[in-house]
Amino acid sequence: MEDLALIVTIIMSILLLSGPITIGLTSERAQLYTADRRVLKILRRIIALTFGIIGIFIAIQFLFESLPLMTKSFALLALIGNIYAFRREIKYVKLD
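The C-terminal residue of the sequence shown carries number 96 in my numbering, and the numbering is unbroken.
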């Protein structure tokens, strides 16, 4: 039972933190800081993409399961945050 609680805690943490992490990594400040440093830019994009895809995947799974409303609202917020961060990164890439 302790292992199951640990797995649920990890999944919920990823769900709740994926949106803010990707939003932070795609912020204007982070983009400007890594604009001249090619390795940091690539690393920032890989980390943001990884957290974003994992967060979106978990959020979609939680939205289609029969879970409490609070869990579904967390999943919806994570989905919206990750999509917003991806759109912001795509707009920045178009400016390059």
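Every residue gets a Cβ at the ideal spot worked out from N, C-alpha and C, and that includes glycine.
| Query | Result |
| --- | --- |
| Give me the Cα-Cα distance between residue 13 and residue 23, rounded to the nearest whole angstrom. | 16 Å |
| By Cβ distance, which residues of its chain are closer than 7 Å to residue 72, with the 5 residues on each side in sequence left out? | 62 and 63 |
| Just to confirm, is the Cβ distance from residue 55 to residue 15 under 8 Å? | yes |
| Pick helix, strand or coil for residue 3, following the three-state DSSP scheme. | helix |
| Unbroken alpha helix (DSSP H) runs of length 4 or more, entirely within the region 7-53: which are they? | 28-33 |
| Would you mind stating whether residue 60 and residue 79 have Cβ atoms separated by less than 8 Å? | yes |
| When you compare the CB positions of residue 89 and residue 35, do they come within less than 8 Å of one another, or not? | no |
| Starting from residue 74, follow the alpha helix (DSSP H) in both directions and report where the run begins and ends. | 69-95 |
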